[in-house]
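Residue numbers (my numbering), protein chains in the order written: chain P, 1 to 272; chain X, 273 to 661. C-beta atoms are modelled at their ideal positions from N, C-alpha and C, and glycine is treated no differently. Since the structure is predicted, the reported quantities are computational estimates derived from the model, not experimental observations. Accompanying notes for the structure given below.
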Amino acid sequence: MAQKRRSKGPGPSQGELLAAEEDLAPTQSASQAPRSLERLSPAQVDQKVSELVQYLLVKDQKKIPIKRADILKNVIKDYRGIYSEIIKRAGRTLQQVFGLQLVEIDPRNHVYILVSNLPRLAVENLKQDDCTAKLGLLTVILSFLFMKGNAAKESAVWEMLRRLRVDPGVRHEVFGDVKKLVTEEFVRQKYLEYNRVPHTDPPEFEFLWGARAVKETSKMQVLRFIAKIQNKDPRAWSTQYTEAAAEEAAVGGLFEDVSTPGGASQGARRRT
Amino acid sequence: MAEDAGSGGDSLQGRGPDSGCRQPLASTSRDGAVPEHQQRRLTGGQGRQRPPETANGEGDGEEEESEEEPGQSSVRTEPDGNHTDRRMLRQQYRQLINRVQQNREDMLSSKSNSLTDALQEANKLFSGVSQAREAALDAQFLVLASNLGKEKANELHSEMTVFDSPAFAEDLLTFMGLNRLEGEENDSDDESIASGFLPNNAWHKLGAEAERYFRRSPSFHYMLGSFKADPPVPRQRIERQKRKVGTEEKRAMPSQLKKMEESHQEATEKEVERILGLLQTYFKEDPNIPISFFDFVIDPTSFARTVENIFHVSFIIRDGFARIKLDQDKLPVIEPSHEEEGRENDQNAQVRNQAVISLSHQDWKDIVETFEITEPMIPPPGVSQENES
């Protein structure tokens, strides 16, 4: 945290950033990282940072969260000693060059995702593929979960989806094996959590929002989506609206803490 | 509202002097039809009951309600005490109804308990009810109370909408462009699923809308396509695992070698069988003429194939499926052995007779020239046999 605050003031180019880091290095003698940083040439570190940025971008295509262990194994390798420095710089590059935010969704196991920081343009997205359709399905499920008290039995979710002609037992022309998509792919991507309800026999499962869903959208956003679909005011569902507003306030505070300065302002813009 | 009470009110009004609050009673029936109906039903019943029962005293309303004005003056034997009680009860009911009616706003307010209080009071009153007429008043009160209850509930809903997932689903389908007029009829067998034609891009349309509510990072894609993002990653992983786990590598090696040997042996066996098959077919065509060993074995186009053929044929000879002997010109001929015992003899003989044939490239050339061999009798594997015969 302290390091982050000290390295505020994002420069326009990475070269400048690096230079700034070099200046800072001697003052951070307390930790292990800066010492090994001194032994490596700036170009070497720079190279690693670029590699990591590329790695993260490619891994993000599948939307499966990226584990630190994989990053260490595939990119960092011998630079393990300055891991935190490299990931910090990669995060900044992603922020400044791509408008993406590197978010650690699981601080215990160190799992990362990329989240867009730029507000969406009002124009319709030109690129529409099956991922778009899948996001539609996902949003319906997330909406249902939120409106039903943030968790719902699997059977209830399927009952809802059946009305939309999505049946777990029937191959869908867009989604293929829908059951696999919902209970495996969305779960692996951390959009959904899929847990067994304790003490049920035969076992019953329930869905919850996953960590990625929490980061990529919010209760308020989902409520707005529902309001748009149902052509109502989001405040019509007063209970959910209160909950969503409370979350918005709490997360808003959190954004300021965690993200780099640029990220905080972006987060704020999104909320308006 | 009070005036539409209809005949119920009229008949009540026409009653005796005992009912001071008759008008309010009529006015209580917010929905005139219900009490009217009740009263009719009631009076009908009473009309039937009346004669056997001892009729009550003073000009009671029942007769009037059933519109049997003339019968009013019929026998009255009911004790006065009972009758006064009933009158009191009715009055209390009417007062209660009147009060509820007058204080509608208070009753509807979610903060006050007055509706509950009124219901409790009515409950108390009902304990004293013994006859249908009072019961009718009680029913009238209930109608009033339940109407108020419904209104109260409606007011709650206007403050807080409950999420209605079927309605949500319907709206989603509408948004996705469901055409309810066209469509697959087979869907309508389940009444919970709306019928109609859902366009192919329905989910894409919904997804495009949904994207606006997400901070999903746009993933880049290669303009000319590429291998999917996945394959390189597992490959890297496998390499690393191998490097780390040395034992696994050792274990893998012998098994691989064994496999190669096996496959090689299999190939030889197959080739030997193929050549034996060829030999047998040639011999079947001409059973009495032995085939020249050179003709059979030499491939005029390839020295290597020739050596290979000799190698393979040697297996056939060793296993006793064919034998080589010299004909009258002292040239080697080959013929398959047909009899079981013959083969056995040969096998025994083979053990004794081993021969090493040497064949140089020059020898091969000479033989090809001398015997004027133009085509191989054993086609190379993979080439179909028709070329030969």
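Identify, in the order they occur along the chain, each residue of the same chain with its Cβ nearer than 6 Å to the Cβ of I66/P, setting aside the five sequence neighbours on each side. Looking up residue 66/P in the first sequence gives position 66. Same-chain partners within the cutoff: K59 and Y112.
Cross-strand partners of S564/X (DSSP beta bridge): Here residue 564/X corresponds to residue number 292 of the second sequence, with the count starting at 1. V605/X.
CB A211/P to CB V174/P, shorter than 8 Å? Position 211 of the first sequence, counted from the start, is the residue given in the question as residue 211/P. Position 174 of the first sequence, counted from the start, is the residue given in the question as residue 174/P. Not closer than 8 Å, so no.
CB-CB under 6 Å to R196/P, same chain, minus the five flanking residues each way: which ones, in chain order? Along the first sequence, one-based indexing puts residue 196/P at 196. Only P203 and F205 meet the Cβ criterion.
Could you confirm whether any beta carbon from chain P is found closer than 8 Å to the beta carbon of F435/X? As a working note, residue 435/X is residue 163 in the second sequence. Chain P contact via Cβ: present.
So which residues on chain P does S386/X lean against when the C-beta distance must stay under 9 Å? As a first step, residue 386/X is located in the second sequence; it is residue number 114 there, counting from the start. Result: empty, since nearest Cβ-Cβ is about 25 Å, beyond 9 Å.
Residues bridged to H172/P by DSSP? Translated into the one-based positions of the first sequence, residue 172/P becomes position 172. G176/P.
Please state whether the Cβ-Cβ distance between S437/X and M160/P is less than 8 Å. The residue labelled residue 437/X in the question sits at position 165 within the second sequence. The residue labelled residue 160/P in the question sits at position 160 within the first sequence. Yes.
Reducing DSSP to helix, strand and coil, say where W636/X ends up. On the second sequence, position 364 is the one that residue 636/X refers to. W636/X: helix per DSSP, three-state reduction.
Which residue or residues does DSSP assign as beta-bridge partners of V103/P? Taking the first sequence and counting its residues from 1, the one referred to as residue 103/P is at position 103. V103/P is bridged to I113/P.
CB contact check: Q96/P to chain X, cutoff 8 Å: Position 96 of the first sequence holds residue 96/P. So no, Q96/P is outside the interface.
Cα-Cα separation between R487/X and E393/X, rounded to whole angstroms: Within the second sequence, the letter at position 215 stands for residue 487/X. Within the second sequence, the letter at position 121 stands for residue 393/X. Their backbone Cα atoms lie some 59 Å apart in a straight line.
First and last residue of the uninterrupted beta strand (DSSP E) at W209/P: Against the first sequence, residue 209/P aligns to sequence position 209. Note, W209/P: beta strand (DSSP E), E204 to W209.
Who are the neighbours of K148/P on chain X, taking C-beta pairs under 9 Å? Numbered from 1 along the first sequence, position 148 holds the residue referred to as residue 148/P. Correct list: F435 and S437.
Where does L181/P sit, in a helix, a strand or coil, going by DSSP? Position 181 of the first sequence, counting from 1, holds the residue named residue 181/P. L181/P falls in the helix class under three-state DSSP.
Would you call the stretch 570 to 589 of chain X in contact with the stretch 539 to 557 of chain X, where contact means no fewer than 3 C-beta pairs closer than 8 Å? yes
Any Cβ of chain P within less than 8 Å of the Cβ of D443/X? The sequence position of residue 443/X within the second sequence is 171, counting from 1. Yes, because at least one Cβ of chain P sits closer than 8 Å to the Cβ of D443/X.
Which of helix, strand or coil does DSSP assign to R683/X? Since the first residue of chain X shown is 273 and the last is 661, residue 683/X is not available in this structure.
How many whole angstroms separate the CB atoms of I645/X and D558/X, which I take to be in contact at a CB cut-off of 8 Å? On the second sequence, position 373 is the one that residue 645/X refers to. On the second sequence, position 286 is the one that residue 558/X refers to. Actually they are not in contact, since the Cβ atoms of I645/X and D558/X sit about 17 Å apart, beyond 8 Å.
Have a look at the DSSP bridge pairing and note the partners of Y194/P. Along the first sequence, one-based indexing puts residue 194/P at 194. Answer is F207/P, bridged to Y194/P.
Relative to chain P, which residues along the stretch 479 to 492 of chain X have a C-beta separation below 9 Å, given in chain order? G479, A480, E481, A482, E483, R484, Y485, F486, R487, R488, S489, P490, S491 and F492
Roughly how many whole angstroms lie between the Cα atoms of F440/X and Q95/P? Here residue 440/X is taken as the residue at index 168 of the second sequence, counted from 1. Here residue 95/P is taken as the residue at index 95 of the first sequence, counted from 1. Between F440/X and Q95/P, the C-alpha separation is close to 37 Å.
Expressed to the nearest angstrom, what Euclidean distance is found between the alpha-carbon atoms of F593/X and M649/X? Working through the second sequence from its first residue, we reach residue 593/X at position 321. Working through the second sequence from its first residue, we reach residue 649/X at position 377. Using only the alpha carbons, I get a separation of about 18 Å.
Using three-state DSSP, classify R282/P as helix, strand or coil. Nothing can be reported for residue 282/P: it is not among the residues displayed for chain P, which extend from 1 to 272.
For K153/P, report the span of its beta strand (DSSP E) as first-last. As a first step, residue 153/P must be located in the first sequence, where it is residue number 153. Start and end: A151 to K153.
For the candidate residues R595/X, E481/X, L631/X and D599/X, whose alpha-carbon lies nearest to that of E607/X? On the second sequence, residue 607/X is found 335 positions in, with the first residue counted as 1. Closest by alpha carbon: R595/X.
Pick helix, strand or coil for I66/P, following the three-state DSSP scheme. Position 66 of the first sequence, counting from 1, holds the residue named residue 66/P. Note: I66/P maps to strand in three-state DSSP.
Can you tell me whether DSSP reads R488/X as helix, strand or coil? Within the second sequence, the letter at position 216 stands for residue 488/X. Of the three classes helix, strand and coil, the one that applies to R488/X here is strand, per DSSP.
Classify D571/X as buried or exposed, calling it buried when 16 or more other Cβ atoms lie within 10 Å of its own Cβ. Start at 1 with the first residue of the second sequence, and residue 571/X comes out as number 299. The residue is buried, with at least 16 neighbouring Cβ atoms inside 10 Å.
Got a sec: is the Cβ-Cβ distance from P653/X to anything in chain P below 8 Å? Locating residue 653/X in the second sequence gives position 381, counting from the first residue. Cβ-Cβ to chain P under 8 Å: no for P653/X.
Measuring only between beta-carbons, confirm whether G11/P sits less than 8 Å from chain X. Here the question's residue 11/P lines up with position 11 in the first sequence. Here G11/P scores only 40 on pLDDT, less than 50, and its place in the model should not be relied on; the value that follows carries that caveat. Cβ-Cβ to chain X under 8 Å: no for G11/P.
My output table needs one value for L314/X: the three-state DSSP class, helix, strand or coil. Locating residue 314/X in the second sequence gives position 42, where the first residue counts as 1. Model confidence at L314/X stands at a pLDDT of 42, short of 50, so the residue's coordinates are unreliable; what they give is reported in the following sentence. Looking at L314/X - three-state DSSP - the assignment turns out to be helix.
Close-in-space but distant-in-sequence residues of the same chain around V672/X (CB under 7 Å, 5 per side omitted): Coverage of chain X is limited to positions 273 through 661, which leaves residue 672/X absent and any answer about it impossible.
Report buried or exposed for R108/P, applying the criterion of at least 16 other Cβ atoms within 10 angstroms of its Cβ. As a working mapping, residue 108/P is identified with position 108 in the first sequence. Result: exposed.
Applying the 10 Å Cβ sphere with the 16-neighbour rule, what's the burial state of M448/X? If you number the second sequence from 1, residue 448/X lands on position 176. Classification for M448/X: buried.
With a threshold of 8 Å on Cβ separation, who are the neighbours of W636/X within its own chain once the five nearest residues in sequence on each side are excluded? Your numbering for residue 636/X matches position 364 in the second sequence. Correct list, in chain order: I570, F575 and T578.
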